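**Q** Under this note's numbering, read the sequence shown as residues 458 to 1075, first letter to last.
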Amino acid sequence: MTTTHRRAAGGVAALTLTGLVAALAAAPSAVAAPEPAGSGALLAPYYTELDLTGDLQVTADDLEVVAAALGLTSEDEGWKEVAPADADGDGAITVADLAAVSQRMLYDDGPFELVEASVVDLQGAMNAGTTTSVEITQEYLDRIAAYDNALVDTSEGGRPLHSIVTTSDVALDAAAQADAIRAADGMTSMLLGVPVAVKDNYDTKDMPTTGGCGCWDDNQTATDATMVAGLRADGAVLLAKASLDEFAYGFASEFSSFQDAGESLLVASPYVTSRTAGGSSGGTGAAIAANLAGLGFGTDTGGSIRVPSSYNQLVGVRPTVGLASRDGIIPLALSQDTGGPMARSVTDAAVALDAVVGVDPADPVTSRQEGEVPASYTQFLDADALDGARIGYVPSMLGSNTTTLRLWAQTRAALEAQGATVVEVTPPATSTEVLPDGFGSVLGEGSGSTPEFRHDLADYVDSHLAPEVEARTLEGIVASGRFVPSRQRTYESRAAVTEETYQEWAGPEGTHTKVLAEGKTLVTGMLDDLDLDALVYPSGNPYGTQSTNLRLSPNTGMPAVTVPMGVATEADGTITGAGVNLELLGRDFDEGPLLGLAFALEQATHARTSPALYGPLD
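Right, dumping it as structure tokens:
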């Protein structure tokens, strides 16, 4: 196995619907298909609700069943088995029903364009034989080679993206394996053959895991992170490792991986390249926004998924702490760390989330999810999900930024137009020893990145760090000289944190532990008291944060989904073209309902734009 750093590594016949109907009208009745290889619905409900053969997807087998039943009516024997295919509800199976069932197939033999292609687009084209996973993977590698290190933006202040640390030299082999599975068994998963980029703090057995630090360039782990293993099990192609703020420390996304000692690189946003892509998952944000991979994953301790998602007009999911295992991910502060998807659409984010949830003994907090995980998060994707929903907001969390307030006003109108009731929330005026300022104390609690990092990193070093790596402590990292130059004092201050200090902060009776527990109770109570489905607020401002909004999810452990609201205009007087996201926070393990609300808003507004500088390759 070899990998490439900072540069790229080196069917079904199409049928018209008329021809398909004619061919299938004379076909014999099909036998039930085998159980699908994946777990849960492949894409519910639209692409599964007319399934007749029990494989959780609509395929040619279902069309054969409908074709064999043409002319059958509700009075005939055997109607019960085909009744779900009576799409128009007229009590008879007709060619119109056959056409309706065919529309529920993931099959698209039209022209295929990779830029802005969704998972649905990718699967439809691969199922039709229009393209293959090998071709898609190669095109993403070509885009990385052409765009990531090149100065595409020649305007003043323009910078290269620098979003990718490493590309896999075995990605094309994995893609070929996915194509072989599709040829033999059909689409076994919504991620089959889809190229994915993960933040370079996720362990990958076929690429080094540097954490963004040159000190760990040699960290080739023997195993995958649990979340990465889930992606591979669903047939995803691990394409690349995305850059990040070194050890996920901050929002600048400055890293030293594979650079000379004393050198570092900054990640740029593909919309305004003179600006940071945000962090710490900035490389994932820039890469997915610029269409350098199909899907991406980041990690979030205090905003590290949601900041780059907002800066780069992406959907980001910060799951409930305990929904996805952190084992095999370089930690920052395990009291708040969680990994999640970053995608160009809510549908893509839901599909990605399906692959990475599950109980993992190596991360005991995941035992909390027992009985809380649906068959598929895609079952919540309903364009009418906002109809009847109650959405709360706290006015003080809106801030004063011109762009953000304009977009909030537009978004509020869209929420109400879709049938939601938008409720102004006054936080409870409660005061306890742990939360003396009530809701304000929840928002004011800091990140655990300083008091927890030394302790939690030591556990990763003992369990996962490759033996070849010499810098195995914070003191060793400083001694190596291979780190972002401006971070030396940060390493030294975190190295000075004692075990006693850690326990006082994050131990069972630690101050931080108590704030997180009481914060969850307080905010859940705010939702319950007003019967709210979600609390919403801006994830940030144009290329900036909004007060302490980002702390609400990590300081309660509750899930948040961030979705684009729109972009700054010249008239705003801020940063033209900059994106701003709306964040939706819900109760523990409410990722499904939150994704449903986000999907309905996305379908009503279509707020995301594609970065003009990074269009299709010639």
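Note that CB positions come from ideal geometry on N, CA and C, so glycine has one too.
In this text, all values refer to a predicted model and were calculated from it rather than measured experimentally.
Mind checking which residues open and close the alpha helix (DSSP H) that includes Thr795?
**A** It is not in any alpha helix (DSSP H) - Thr795 instead sits in the beta strand (DSSP E) that spans 795–800.
**Q** Specify whether the region 713–728 and the region 615–631 touch according to this definition: at least 3 beta carbon pairs, one from each stretch, less than 8 Å apart.
**A** Output reads yes: the region 615–631 touches the region 713–728.
**Q** Just mark Thr835 as buried or exposed, buried being the case when its beta carbon has 16 or more other beta carbons within 10 Å.
**A** So Thr835 counts as buried.
**Q** Would you give the residue range spanned by the alpha helix (DSSP H) that Ala1028 belongs to?
**A** Here Ala1028 belongs to no alpha helix (DSSP H), and DSSP marks it neither H nor E.
**Q** If we ignore side chains and look at the alpha-carbon of each, how far apart do Ala747 and Val552 end up?
**A** Ala747 and Val552: Cα-Cα distance of roughly 42 Å.
**Q** Measure the Cβ-Cβ separation of Asn606 and Ala923 and say whether it is below 9 Å.
**A** Taking 9 Å as the Cβ cut-off, Asn606 and Ala923 do not qualify as a contacting pair.
**Q** How far does the alpha helix (DSSP H) with Glu1048 in it reach, from first residue to last?
**A** Glu1048 -> alpha helix (DSSP H) spans 1048–1062.
**Q** Determine the direct distance from the alpha carbon of Gly1030 to that of Ser559, and round the result to whole angstroms.
**A** Spanning the two alpha carbons is a distance of roughly 49 Å.
**Q** Considering just the uninterrupted stretch of the alpha helix (DSSP H) at Ile745, what are its terminal residues?
**A** It spans 739–746 - the alpha helix (DSSP H) in which Ile745 sits, taken as one unbroken run.
**Q** According to the neighbour-count rule (16 or more other Cβ atoms, all chains shown, within 10 Å of its Cβ), is Glu534 buried or exposed?
**A** Flag for Glu534 reads exposed.
**Q** Only counting runs of 4 or more residues, tell me where the alpha helix (DSSP H) segments fall wholly within the region 503–563, in order along the chain.
**A** Runs of the alpha helix (DSSP H) inside the region 503–563: 517–525, 536–539, 552–559.
**Q** At 3 residues or longer, and completely inside the region 990–1025: list those beta strand (DSSP E) runs for me, N to C.
**A** 991–995, 1017–1024, all fully within the region 990–1025.
**Q** Can you tell me the Cα-Cα spacing of Leu527 and Asp512, whole angstroms?
**A** So the two alpha carbons sit approximately 22 Å from each other.
**Q** For Leu789, is the classification buried or exposed, using 16 other Cβ atoms within 10 angstroms of its Cβ as the cut-off for buried?
**A** Label assigned to Leu789: buried.
**Q** Got a sec? Which residues, its chain only, sit under 6 Å from Ala840 by beta carbon, not counting five neighbours each side?
**A** Closer than 6 Å at the Cβ level, and outside the excluded window around Ala840, lie Ala1057, Gln1060.
**Q** In chain order, what are the residue ranges of uninterrupted beta strand (DSSP E) at least 3 long that sit wholly in the region 634–709?
**A** Taking only runs of at least 3 residues, the beta strand (DSSP E) segments lying wholly in the region 634–709 are 652–656, 694–699.
**Q** State the Cα-Cα distance for the pair Met664 and Thr1005, rounded to the nearest angstrom.
**A** C-alpha separation (whole angstroms): 36 Å.
**Q** Mark Glu927 as exposed unless 16 or more other C-beta atoms lie within 10 angstroms of its C-beta, in which case mark it buried.
**A** Exposed.
**Q** Tell me the DSSP secondary structure of Asn769 in three-state form.
**A** In the structure shown, Asn769 sits in coil (DSSP, three-state: anything other than H, G, I, E or B).
**Q** Please state whether the Cβ-Cβ distance between Asp988 and Pro1050 is less than 9 Å.
**A** No, Cβ-Cβ distance for Asp988 and Pro1050 is not below 9 Å.
**Q** Which value, in whole angstroms, describes the spacing of the CA atoms of Asp702 and Thr907?
**A** Those two C-alpha atoms are separated by around 15 Å.
**Q** Which word fits Leu1074, buried or exposed, when buried means at least 16 other C-beta atoms lie within 10 angstroms of its C-beta?
**A** Burial call: exposed.
**Q** DSSP three-state label for Gly976, please.
**A** In the structure shown, Gly976 sits in a helix (DSSP, three-state: H, G or I).
**Q** Spatial neighbours of Thr968 within its chain, please: CB distance less than 7 Å, with the 5 preceding and 5 following residues excluded, ordered by chain position.
**A** The answer, listed in chain order, is Glu961, Trp962.
**Q** With DSSP as the reference, please indicate the residues paired to Arg423 in a beta bridge.
**A** With the chain covering 458 to 1075 only, the question about residue 423 has no answer from this structure.
**Q** Straight-line CA distance for Ser833 to Gly614?
**A** Cα to Cα, the separation comes out at about 44 Å.
**Q** Can you say whether Arg939 is buried or exposed, counting buried as having 16 or more other CB atoms within 10 angstroms of its CB?
**A** Classification for Arg939: buried.
**Q** Quick check on DSSP: helix, strand or coil for Thr907?
**A** Helix.
**Q** Under 8 Å by Cβ, that's how I've got Ala842 and Leu500 pegged, so tell me the actual separation to the nearest angstrom.
**A** The pair is not a contact, with the Cβ atoms about 16 Å apart (cut-off 8 Å).
**Q** Secondary structure at Phe896, three-state DSSP: helix, strand or coil?
**A** Three-state result, Phe896: helix.
**Q** Given a threshold of 16 other Cβ atoms within 10 Å of its Cβ, counted over all protein chains shown, does His1063 qualify as buried or as exposed?
**A** That one is exposed.
**Q** Just mark Gln826 as buried or exposed, buried being the case when its beta carbon has 16 or more other beta carbons within 10 Å.
**A** Gln826 should be labelled buried.
**Q** So, at 7 Å on beta carbons, what are the nonlocal neighbours of Met583 in its own chain, with the 5 sequence-adjacent residues on each side left out?
**A** For Met583, where only same-chain residues beyond five positions count, the Cβ hits under 7 Å are Thr589, Ser590, Arg639, Gly650.
**Q** Please report how far the alpha carbon of Thr611 lies from the alpha carbon of Val993, in whole angstroms.
**A** When rounded, the distance between both Cα atoms is 38 Å.
**Q** For Thr730 and Thr516, I'd like the C-alpha separation in whole angstroms.
**A** Roughly 44 Å separates the two Cα atoms.
**Q** How is Ala725 classed by DSSP in three states: helix, strand or coil?
**A** Residue state, collapsed to three classes: strand.
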